[in-house]
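Position in the sequence shown (from 1) plus 26 gives the number in the numbering used here.
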Amino acid sequence: MAWDFETDPEFQKKLDWIEDLMREEVEPLSHLGMAAWSSQGREKFIKPLQQKVKDAGLWACHLGPELGGQGFGQLKLALMNEKLGRNGLAPLIFGCQAPDSGNAEIIAHYGTEAQKEKYLWPLLNGEIRSAFSMSEPTGGSDPLTFRTRAVLDGNEWVINGEKWFSTNAQHSKVLVLYAVTDPDAKDPYRRTSIFLVPTDTPGVEIIRNVAVGAGGTIGGGNESYVRYNNVRLPYDALLGDRGAAFVIAQVRLGGGRVHHAMRTVGACRHALDLMCRRAVSRTTRDGRLSDLQMVQEQIADSWIAVESFRLLVLRTAWLIDKHKDYNKVRKDIAAIKVAMPKVYHDVATKAAHLHGALGVSNEMPFMHMVNSALVMGIADGPTEVHKVTLAKQVLKDYQPDNDLFPSYHIPKLRDEAQKRFAKELEEIKAHYAGRRREAETA
Numbered sequence: 027m028a029w030d031f032e033t034d035p036e037f038q039k040k041l042d043w044i045e046d047l048m049r050e051e052v053e054p055l056s057h058l059g060m061a062a063w064s065s066q067g068r069e070k071f072i073k074p075l076q077q078k079v080k081d082a083g084l085w086a087c088h089l090g091p092e093l094g095g096q097g098f099g100q101l102k103l104a105l106m107n108e109k110l111g112r113n114g115l116a117p118l119i120f121g122c123q124a125p126d127s128g129n130a131e132i133i134a135h136y137g138t139e140a141q142k143e144k145y146l147w148p149l150l151n152g153e154i155r156s157a158f159s160m161s162e163p164t165g166g167s168d169p170l171t172f173r174t175r176a177v178l179d180g181n182e183w184v185i186n187g188e189k190w191f192s193t194n195a196q197h198s199k200v201l202v203l204y205a206v207t208d209p210d211a212k213d214p215y216r217r218t219s220i221f222l223v224p225t226d227t228p229g230v231e232i233i234r235n236v237a238v239g240a241g242g243t244i245g246g247g248n249e250s251y252v253r254y255n256n257v258r259l260p261y262d263a264l265l266g267d268r269g270a271a272f273v274i275a276q277v278r279l280g281g282g283r284v285h286h287a288m289r290t291v292g293a294c295r296h297a298l299d300l301m302c303r304r305a306v307s308r309t310t311r312d313g314r315l316s317d318l319q320m321v322q323e324q325i326a327d328s329w330i331a332v333e334s335f336r337l338l339v340l341r342t343a344w345l346i347d348k349h350k351d352y353n354k355v356r357k358d359i360a361a362i363k364v365a366m367p368k369v370y371h372d373v374a375t376k377a378a379h380l381h382g383a384l385g386v387s388n389e390m391p392f393m394h395m396v397n398s399a400l401v402m403g404i405a406d407g408p409t410e411v412h413k414v415t416l417a418k419q420v421l422k423d424y425q426p427d428n429d430l431f432p433s434y435h436i437p438k439l440r441d442e443a444q445k446r447f448a449k450e451l452e453e454i455k456a457h458y459a460g461r462r463r464e465a466e467t468a
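See the structure below:
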């Protein structure tokens, strides 16, 4: 029986190296703002750190060796991503940033050699960015409501429609586009296909960019509203089989949901750490915040929530490694997706509150965290959908019990127990009857 909560010493060395890089290099760099993200900043700051990660053998660890990764299992990735989740710049430096990581994964699985040569290797090397062009303004994330159409005209696809929240489209070289190709297919999940669309293709129009959260200017942000106006693509722009978008999406989204949860563990731990540092540092007329029972309650509740969530994520990662099949772990993936936004929101809110006015200002990270928690409740499927999935997976192991009273009705259980142990009960009854007679004759 194997049951261990310790990390292998050799892998712990890698985690320690990541921790040092995060503290000494990545986190300071993130305070440079857009200077770190500009083209010159990428050359001066990002690429040298990416090279350090590659030299350490920790680049794109979610991918197999044949794709330049380490082929780490999900459990190791979970332990890594706890540390990367503290800072939004870290995934880019470690070659596992969304949406590129998920897009690269499905191109690796389903792409032709020509598609891999054009898009996969540049993505894996960090040379280009990509966008996931799936959700629509009218249908959200439900693929059965999509209106974007791809129609064959000779040997070309003609695409028309609009997509919403295509992350990084303005900076991307390729759009991973979902479009309806077979609207009359009997199986509704075979109506949609995926296309690889070069962003500079005539007819691709970025209507505007949208920022997540309050503030900022309209038209700014990193989430693109994209219109496809008679976009013409060769037939081989299709990724995988025609009508296979739903199957391909599950490969991409299953891993993506787990990795989001892994990084959220790191973000939650960071919020809890800042909360505790504030509690032992801030003094009021009644003493330190950490001496107040209501503060102690908030910290205790937060610690329990974060550690419980972490263990659920690690167990889910372990199950994926064990079964090598996301479908067999659907229940657990849905569970961490449901737990993720609530734990993150609750801990970040408590941390902000404990910092007072400073906590709700843009000089602290908490409001960004709260906003990110709300995003996590929507991204890769809303929380409600995953609750339904989880409930269905749990309930399928139960059979109906249609007697007038259920089989677990206590009177029924008592009658069954008395019948089962009738002999023993008679012996006990006779024993005590004998004791009574002895007492009466004494």
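In this text, a Cβ means the ideal position worked out from N, Cα and C, and glycines have one as well.
Burial state of residue i, where buried means 16 or more other Cβ atoms lie within 10 Å
i, result
"ARG278", "buried"
"ARG49", "exposed"
"GLY241", "exposed"
"ASN129", "buried"
"HIS381", "buried"
"MET106", "buried"
"ASP406", "buried"
"THR310", "exposed"
"GLY97", "exposed"
"TRP29", "exposed"
"PHE31", "exposed"
"THR207", "buried"
"GLY95", "buried"
"ALA465", "exposed"
"HIS57", "exposed"
"SER219", "buried"
"TYR352", "buried"
"ARG295", "buried"
"HIS435", "exposed"
Inter-residue CB distance, residue i and residue j (contact presumed, cutoff 8 Å)
i, j, result
"LYS350", "VAL252", "No, LYS350 and VAL252 are not in contact; Cβ-Cβ is about 35 Å, not under 8 Å."
"SER156", "VAL202", "6 Å"
"HIS379", "GLY385", "6 Å"
"TRP183", "PHE158", "19 Å between Cβ atoms; not a contact."
"PHE447", "ALA297", "Actually they are not in contact, since the Cβ atoms of PHE447 and ALA297 sit about 55 Å apart, beyond 8 Å."
"ALA287", "ILE362", "4 Å"
"ILE119", "VAL177", "About 42 Å; that fails the 8 Å criterion."
"VAL373", "ALA331", "6 Å"
"ILE154", "LEU265", "Not confirmed; about 16 Å, so no contact."
"SER328", "LYS376", "6 Å"
"GLY152", "LEU146", "Contact flag wrong, Cβ pair sits at about 12 Å."
"THR174", "ALA205", "5 Å"
"PRO224", "VAL200", "6 Å"
"TYR254", "ILE185", "5 Å"
"TYR215", "PHE172", "Incorrect: roughly 12 Å between the Cβ atoms, too far for contact."
Simplified DSSP assignment, three categories, for residue i
i, result
"PHE272", "helix"
"ILE233", "strand"
"LEU115", "coil"
"VAL277", "helix"
"LYS212", "coil"
"PHE221", "strand"
"SER387", "coil"
"ASN478", "Here the chain covers residues 27 to 468 and nothing more, so residue 478 does not appear."
"PRO35", "helix"
"ARG314", "strand"
"GLY292", "helix"
"GLY403", "coil"
"GLY245", "strand"
"THR309", "strand"
"PRO260", "strand"
Sequence-distant residues of the same chain with beta carbon closer than 7 Å to residue i, five excluded per side
i, result
"PRO125", "SER156, ALA157, PHE158, THR193 and ASN194"
"VAL355", "THR342, LEU345, ILE346 and HIS349"
"HIS135", "VAL277"
"VAL238", "GLY247, GLU249, ASN397 and VAL401"
"LEU300", "ALA377"
"ASN235", "GLN196, GLY245, GLY246, GLY247, ASN248, GLU249 and SER250"
Contacts around residue i, its chain only, beta-carbon distance under 8 Å, and the 5 residues preceding and following it disregarded
i, result
"PHE37", "LYS102 and LEU105"
"HIS285", "HIS88, LEU103, ASN107, CYS122, ALA124 and SER127"
"LYS109", "LEU41, ILE44, GLU45, MET48, ALA116 and GLY292"
"ASP179", "ARG258"
"LEU416", "LYS357, ALA360, ALA361 and VAL364"
"LEU75", "LEU47, GLU51, VAL52, LEU55 and ILE119"
Cβ shell of residue i (< 6 Å), same chain only, five flanking positions each side left out
i, result
"PRO432", "none"
"ALA62", "LEU55 and PHE71"
"SER316", "ALA305 and VAL306"
"ASN113", "VAL52, GLU53 and SER56"
Residue i: CB within 8 Å of a non-hydrogen atom of the ligand SAM
i, result
"GLY165", "Among the components of this structure there are no ligands whatsoever, and the ligand SAM is therefore not found."
Worksheet item: For the stretch 39-116, which segments carrying the alpha helix (DSSP H) assignment without a break, of at least 4 residues, lie completely within its bounds, in sequence order?
Response: Along the stretch 39-116, the alpha helix (DSSP H) occurs as fully enclosed runs of 4 or more residues at 53-56, 60-63, 73-81 and 100-110, listed in sequence order.
Worksheet entry | Whole alpha helix (DSSP H) elements within the stretch 413-445, 4-residue minimum | Unbroken alpha helix (DSSP H) runs of no fewer than 4 residues, entirely contained in the stretch 413-445, are not found.
Practice prompt. Kindly provide the ranges of any beta strand (DSSP E) runs that are 3 or more residues long and lie completely inside the stretch 145-214, ordered along the chain.
Written response: 156-159, 175-179, 182-193 and 200-206
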